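Protein chains in written order, with this note's numbering: chain A, 2 to 361; chain B, 14 to 321. Heads up, the beta-carbon is just placed ideally off N, CA and C, and yes, glycines get one too. Small disclaimer: the values here were computed from a predicted structure and weren't measured.
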């Protein structure tokens, strides 16, 4: 056969059953470009955040919470009154006209100042029975309630993560014993134990912390933290253990082991980073729980120590004003509801966005 | 009943006994941590009176013996005499208060379960419709409200603004609001539980089969779906009782219901230590038993549940 014949064979003739040889030609650069997947690769975090931002309810709650947090940080800095300043005791003689002011009313000396043409900052929510500006007390109470919730949840996170990851990684008998302990603590009726511990800590802690920096926090607050550290970490520990148990079977852990990594390093570098979404979600849902507990204890008179306000103690202090000045009760009560509700919804949103099991 | 199930019950029973024992032990020793003894707050107590008081309550004996005595008593529900209410036994006070607390709690629990199941199923049947949305918004809001806040809001709205109910919990009409304030949170929780498990069940094949063979819609809903969707609610029965009991501590205080909660709160304020211990242990035993029952019932109702 001649050379030209080969070329003839490759070109398709009309009506022949010959396969179209152009299909086997080398792809041009242009058509190669078309084959590249349009969607850029997203990291797990980016993917989750994108889904979170699509969730309107969660975003609204997040914005609301940020606003509240900024407000409770900024307002006490610029507000002319403080939460424990008794306006009635500012002059040389106690001035009862400052006690129990209604919103936007002024005490006697302030009234005189206004008549003299001076500017006096209004008491937006009036004052309480001891002549303290009520608005700043609510702001400060919100700050305390939020920080109690946050720190209590961080304590729970640390203890639960440590305990759960050790139990999960060790496995076997260690795991069995550690989890039995968790079972028992889990089955204790937590609220009753919280009340009991708070009663006792409130009595016993005062001499122990005298003169230290902890004294400023007050026994009530410390007993709340202690109670959380003692009782509330168990569900976090269970969760982390479950995660670790499933992750530690995977090959990369085996590789790390074969390369001689210590158990502590494997837990820190390989296992816990894979649990981070579970940790974030359950901490977000733990905060409202802690605020709930704190306000409940404060309502029973076991929470933060006077003169420090918290939303729960403000609600309980002002329960008797329900007939005359109901706003004093409603403001802290509704603030608690708003905070707990938005934290709950944000936590739900985080779970929907970051829980890989629910990925559609 | 197979062997595995029996073993599970035994194991669960063991855990309950350990829990109750631990509650008694923790309560006893932690209350002994409080320095100075319970009579320190009393003014001008002579050493003789102090000794007499300590002898009366058995506080002069060594701690170990006191503990054993307390344990022996607690098993028989005998928590000794109250330290602040003269001549009254802790258990008598508890029983007196618990009678009305239990009435409140039972009505609240029953209401929460019935209404929760009804609204939960409604929300699931009308999934993504307006009814579903409304029910979900309301129940989400109620889950975010501590019971004492619900109680104060109800008190303000219905007793003071509208003046429909008396603010005093001693009459029958006055018990309506305390019951509602105890009921709302568990009800909202049960609505959410029922809705999600109902949605799950309604998408199963056997529901489609039942519908395809022409079973009446109401029968599909109640006989085929609800019966299977109800099991997660059973697991919540234990925690619900715990919630209602502790919730009643403040709700009774707010509405002045003469129940156990009122005695408990006043015993915290008066530092009546035997009363605090007795009430804590008593409530803990009830909660533990309820948890035990709900766990066992759950396994009994749903044979698919893994027993290991």
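C-beta atoms of residue i and residue j nearer than 8 angstroms
i             : j             : result
residue 139/A : residue 151/A : no
residue 287/B : residue 108/B : no
residue 194/A : residue 218/A : no
residue 281/B : residue 294/B : no
residue 235/A : residue 183/A : yes
residue 220/A : residue 306/A : yes
residue 207/B : residue 242/B : yes
residue 204/A : residue 47/B  : yes
residue 126/B : residue 135/B : no
residue 292/A : residue 58/A  : no
residue 142/A : residue 274/A : no
residue 237/A : residue 162/A : yes
residue 219/B : residue 156/B : no
residue 166/A : residue 76/A  : no
Contacting residues, own chain, Cβ-Cβ under 6 angstroms from residue i (five flanking each side not counted)
i             : result
residue 73/B  : 67
residue 265/B : 272, 274, 275
residue 308/A : 85
residue 2/A   : With a pLDDT of 47 at residue 2/A, under the threshold of 50, the modelled position of that residue is not reliable, and no figure is offered here.
residue 62/A  : 343, 346, 347
residue 186/A : 235
Residues bridged to residue i (per DSSP)
i             : result
residue 128/A : 134/A
residue 82/B  : Paired residue(s): none; residue 82/B is not in a bridge.
residue 102/B : 94/B
Beta-carbon contacts of residue i that lie in its chain and below 8 angstroms, excluding the five residues immediately before and after
i             : result
residue 81/A  : 122
residue 345/A : 286, 289
residue 300/B : 251, 254, 255, 258
residue 130/B : 203, 207, 239, 243, 246
residue 308/B : 25, 248, 251
residue 189/B : 178
residue 351/B : The first residue shown for chain B is 14 and the last is 321, placing residue 351/B beyond what the model contains.
Burial state of residue i, where buried means 16 or more other Cβ atoms lie within 10 Å
i             : result
residue 119/B : exposed
residue 343/A : buried
residue 249/B : buried
residue 319/A : buried
residue 263/B : buried
residue 249/A : buried
residue 361/A : Note that residue 361/A scores a pLDDT of 37, beneath 50, so its modelled location is shaky; the value from the coordinates is reported in the next line. Its Cβ having fewer than 16 others within 10 Å, residue 361/A is exposed.
residue 133/A : buried
residue 276/B : buried
residue 99/A  : buried
residue 115/A : exposed
residue 146/B : exposed
residue 45/A  : exposed
residue 62/B  : exposed
residue 324/B : Outside the displayed span of chain B (14 to 321) sits residue 324/B, for which this structure offers no information.
residue 100/B : exposed
residue 15/B  : exposed
residue 27/B  : exposed
Other residues of its chain near residue i: CB distance less than 7 angstroms, five sequence neighbours each side excluded
i             : result
residue 37/B  : 84, 87, 294
residue 316/B : none
residue 298/B : 33
residue 267/B : 161, 164, 165, 168
residue 193/B : 167
residue 153/A : 225, 226, 229, 291
residue 87/A  : 131, 132, 133
residue 297/A : 313
The ligand ADP heavy atom lying under 7 angstroms from the CB of residue i
i             : result
residue 337/A : In the structure on display, the ligand ADP does not appear, and there are no ligands present to speak of.
When you check each C-beta in the stretch 21-46 of chain B against every C-beta of chain A, which residues fall closer than 8 angstroms?
28, 29, 31, 32, 35, 36, 39, 40, 43, 44, 46
Residues, ordered as in the chain, of the stretch 302-320 of chain A that lie near chain B by beta-carbon distance below 9 angstroms
302, 303, 313, 316, 317, 320
Residues in the stretch 73-104 of chain B having any Cβ partner in chain A nearer than 7 angstroms:
none
Positions along the stretch 334-346 of chain A whose CB lies within less than 9 angstroms of some CB in chain B:
334, 335, 337, 338, 339, 340, 341, 342, 343, 344, 345, 346
Taking any Cβ of chain B, which residues in the stretch 223-240 of chain A have a Cβ under 9 angstroms from it, in chain order?
Here the close residues number zero.
Return the residues of the stretch 162-191 of chain A that lie within a Cβ-Cβ distance of less than 7 angstroms from chain B, sorted by chain order.
So the close ones are 184, 185, 188, 189, 190.
Going along the stretch 160-193 of chain B in order, which residues come within less than 7 angstroms of chain A, judged by CB to CB distance?
161, 162, 165, 166, 168, 169, 173
What are the residues in the stretch 240-269 of chain B lying within 9 angstroms of chain A by C-beta distance?
255, 256, 258, 259, 260, 262, 263, 266, 267
When Cβ atoms are compared, which residues of the stretch 280-294 of chain B fall closer than 7 angstroms to chain A?
281, 282, 289, 293
Residues from the stretch 191-222 of chain B in contact with chain A, defined by Cβ distance under 9 angstroms
none
Determine which residues of the stretch 36-69 of chain A have a Cβ less than 7 angstroms from any Cβ of chain B, and write them out in chain order.
none
The stretch 133-160 of chain B: which residues have C-beta closer than 9 angstroms to a C-beta of chain A, in chain order?
153, 154, 156, 157, 158, 159, 160
Anything in the stretch 293-313 of chain B with a Cβ closer than 8 angstroms to a Cβ of chain A? List those residues in chain order, please.
293, 296, 297, 300, 301, 304
Using a Cβ-Cβ cut-off of less than 9 angstroms, list which residues of the stretch 92-120 of chain A approach chain B; keep chain order.
none
For the stretch 103-122 of chain B, enumerate the residues whose C-beta is nearer than 7 angstroms to any C-beta of chain A, in chain order.
Answer in chain order: no residues at all.
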